[in-house]
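Q:
Residue numbers (this note's numbering), protein chains in the order written: chain W, 1 to 605; chain V, 1 to 350.
(1) Could you compute how far the alpha carbon of residue 267/V sits from the alpha carbon of residue 186/V?
(2) Could you tell me which residues DSSP pairs with residue 135/W in its beta bridges?
(3) Just to confirm the assignment: which complete alpha helix (DSSP H) runs, minimum length 4, are found wholly within the segment 443 to 467 of chain W?
(4) Does residue 33/V get closer than 8 Å to chain W when you measure Cβ to Cβ?
(5) Among 170/V, 142/V, 51/V, whose alpha-carbon lies nearest the alpha-carbon of residue 155/V?
(6) In angstroms with no decimal places, state the Cα-to-Cα distance between residue 218/W and residue 144/W.
(7) Identify the continuous beta strand (DSSP E) that holds residue 321/W and give its terminal residues.
(8) Note down, in chain order, every chain W residue with its Cβ under 7 Å from the Cβ of residue 218/V.
(9) Distance check for residue 76/V and residue 272/V, CA to CA, integer angstroms please.
(10) Along chain V, in chain order, which residues have C-beta atoms closer than 8 Å to that of residue 510/W?
(11) Could you confirm whether any beta carbon from chain W is found closer than 8 Å to the beta carbon of residue 207/V?
(12) Kindly indicate if chain V contains any beta-carbon less than 8 Å away from that of residue 75/W.
(13) For the beta strand (DSSP E) that contains residue 429/W, what are its first and last residues?
(14) So is residue 256/V in contact with chain W if we call contact Cβ pairs under 8 Å?
(15) Sort 589/W, 211/W, 275/W, 310/W by Cα distance to residue 241/W and report the nearest one.
(16) Under 8 Å, Cβ to Cβ, is there at least one residue of chain W near residue 276/V?
(17) If residue 59/W sits next to residue 122/W, beta carbons under 8 Å apart, how far is it from one beta carbon to the other, in whole angstroms?
(18) Going by beta carbon distance, what residues of the same chain come within less than 8 Å of residue 20/W, once the five residues before and after it are set aside?
(19) Consult DSSP for residue 290/V and reduce its assignment to one of helix, strand or coil.
(20) Using 8 Å as the limit for Cβ to Cβ distance, is residue 529/W near chain V?
(21) Are the segment 75 to 87 of chain W and the segment 482 to 490 of chain W touching, with three or more C-beta to C-beta distances below 8 Å?
(22) Please classify residue 234/W as buried or exposed, where buried requires at least 16 other C-beta atoms within 10 Å of its C-beta.
(23) Does any residue of chain V have a CB that is nearer than 8 Å to the CB of residue 446/W?
(24) Look at the alpha carbon of residue 97/W and the alpha carbon of residue 163/W, and state the distance between them as a whole number of angstroms.
(25) Short of 7 Å in beta carbon distance, which residues of its chain neighbour residue 520/W, apart from the five on each side in sequence? Order them along the chain.
(26) Thinking residue 408/W and residue 384/W are a contact (beta carbons under 8 Å), I'd like their distance in whole angstroms, please.
(27) Classify residue 146/V: buried if its beta carbon has 16 or more other beta carbons within 10 angstroms, exposed otherwise.
(28) Looking at the structure shown, is residue 138/V part of a helix, part of a strand, or coil, going by DSSP?
(29) Quick one: grab the DSSP three-state call for residue 45/V.
(30) What residues of chain W sit near residue 190/V, judged by a beta carbon separation below 7 Å?
(31) Which bits of chain V does residue 562/W rub up against, with CB to CB less than 9 Å?
(32) How far does the beta strand (DSSP E) with residue 23/V in it extend, from its first residue to its last?
(33) Can you tell me the Cα-Cα spacing of residue 65/W and residue 17/W, whole angstroms?
(34) To which residues of the same chain is residue 212/W closer than 6 Å at the C-beta, ignoring the five residues directly before and after it?
(35) Counting beta carbon pairs with one atom in the segment 552 to 571 of chain W and one in the segment 512 to 530 of chain W, are three or more of them shorter than 8 Å?
(36) Within its chain, find whatever has a CB closer than 6 Å to the CB of residue 586/W; leave out the 5 residues flanking it on each side and keep chain order.
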């Protein structure tokens, strides 16, 4: 293999699994170290810079970082990254106004219209308003937040947290026009806006047309609409027996909300076995803790209506045969079963809907009736119209919406400046040694074998009394102290200088996970057969050095299971191995502005 | 040394026949200099014990004084061990091996401990063919006392400061060959592919097994001009014969080109497969081995591998007709037959 190009920012970025997996590339180990040092406010600000809503995401993020966490490759459970984010939000200084972006003294005269006050639009406004853009958000409902307020129950995400973090954005001079649904894109485009951003989400819940659907309509609810109605207190009760159809995260919110509105027994009905569930494992756990029953292998067949009222549902019991990989190879019916119920909530997915965008204004829609949006610039085929969040590519999650917002902000700025929206700054990398003395590092390099800390919950009896009693209590000080030490500091990289190596084998002997090998070079498949320990995760790169000076062999490091303990660097007599902080620069619109100014300055000289 | 112990992360670790991982064969944290060859030898010993699935309590580690002699603390922690007086490790090992033939004896010494103060002890342990593995971690200097030349320093090798060595070196390999040693090997701490099987074979060999391991002193003898540095050893490293250890004859499946490999069966039925990298080298011919090494010494080459193997020599316990069982398991009457038996014996000399 060719020597690894470690100057490519993506190389070391990928080693920081959590940051690489995070759509917004939040520098997770960095903020966890700050928490470990008690610098909660700094930790919060590091988060806010990349993900805008640390308090919100610290409670309800989809956590793509956690399954990616390196810790899962050396033991079972990942670091509780998401909950540590909440720690930063919970323990930061009350008043952080001095650290937040400021409302500019004067605007730049550019007007941006944003449709929907969800996380995507709010992020765009957060990025653009400090630069002088006049941002106006049009929101159909009476409060901001989009799905964060309408679909996520307040027992998971308290309104105070939402209001505070959205407040930081409105404080920038962003105007939100409430109860102001956009009925016509054409009309909006005719107004005096320099650019339009559509962040209106995927607001249409899927229906299930089965016999009895229309007769029983009064007791059959579309999940996301029902949650919104609960959030805005239009719905405050539900029947004693409730069935939830579908087993995604919306289903979990529906079943848990039902329990708080008076339901006695709530069953979540799944068509397939557990391995096929869409809900996050932790959301399933939280629902089951509240005694929600999850019933597998039941395919809905019809609604049972007696005297014009819903009394139950008929399901076809399914039997599946699975192959070794767990895929379904065949299915058959094992007869019907009727399950009594008073209400049914359908939580089987949601989709985009743009009834308010005229199809004759030059905006292109694809065959699924979704607008054509560029994956990098978030621009539609019509100049000056941008999409982001669920509105762009269908339902994803908050953290994706934030990242879309950041990218769309860059595009909107470039569009307004009249520069090329595709000409964007690349990610950058800074490496600085973490060494501060002989075997002394700027990070805690010892491996803490502690298990993941378990979040404490409010007692079951207590939590159902009020709809908005937050279930999770946040981490206690002891839990914080332990959990931060579980982080492996993957952003402190093992960096190798081949010319210094004397091939003494010291690093190979001391490595606790056998990730180092000195061997003759070969192609990747061949090299992988000759590593000190089998590389079972081919997704992770091999770090291959230049030829070593004594034998022309190469140092190979399997990035897969390295725990960044730095012992290779401590054992190395010539400092061929060093531990270096890698700071990944993910450019935001403010960086584009700075870069443009620098370029202009250079040109002027 | 490192600031922390090597953390235990066992999710990926392979287990041997006893269900143990290689980490179960480690000892306490090394306090040697970072990059010391001895730590690599320790890692090789750890690996060899693991691969052989030896129960840790069946190992006995004996050492003398010096950097090398510290290392017995760093491997197979759950075993027996004596850290003896300077140069006296062979006597202690001899006594232990006489008392209990059931243990795997591993002596770790250095060029200072074995070739100066302990030279006599070393020679006599070879003559007695004590059933033990004797590893010399050879770096040409007294590291513990800041790098004075030892008896293995080559003529012309330069110290960090001061004059080059003019005295002739003692080569433990050639010495052992002249003394009739039954297993003589040389290796390099930087080559575990060679070293680990040698240690395995040495542990399983019945009789005295010497492995002279060039194990550079990274602090006092790893500079330009030193003949025991990493760079020098890599440059002049000359493997002539590679030993593979195979646990039993049945598991031998690989085919070798005609004449390129020879199998030597050890007393416990395991096999050492010798693969020649030098065509005319015959490890069974003691005299030829001595000649070969001497010839290549002249070119500055470091001849390595399992240089001589003789499975036919009786070991100390056979020569002295010692009972199979450890002495502490013999009934008292057997160990001490009484005054009558002594009187009968003495009649023979009357």
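The C-beta atom is built at its ideal place from N, Cα and C for all residues, glycine as well. If you're wondering where the values come from, they're calculated on a predicted model, not measured in any experiment.
A: On the basis of the coordinates in this document:
(1) 22 Å
(2) 112/W
(3) 460 to 463
(4) yes
(5) 170/V
(6) 29 Å
(7) 309 to 322
(8) 504, 573
(9) 24 Å
(10) 2, 6, 39
(11) no
(12) yes
(13) 428 to 433
(14) Only weak support exists for where residue 256/V lies, its pLDDT of 49 falling under 50; the coordinates are left without a value.
(15) 310/W
(16) no
(17) In fact, because the Cβ distance is near 17 Å, the residues do not count as touching under 8 Å.
(18) 13, 14, 68
(19) helix
(20) no
(21) yes
(22) exposed
(23) yes
(24) 15 Å
(25) 553
(26) That belief does not hold up - the Cβ atoms of residue 408/W and residue 384/W are roughly 12 Å apart, past 8 Å.
(27) exposed
(28) strand
(29) helix
(30) 503, 504, 505
(31) Per Cβ cutoff of 9 Å: no residues; residue 562/W is ~11 Å from chain V at best.
(32) No beta strand (DSSP E) holds residue 23/V; DSSP gives it neither H nor E.
(33) 7 Å
(34) 302, 303, 305
(35) yes
(36) 25, 427
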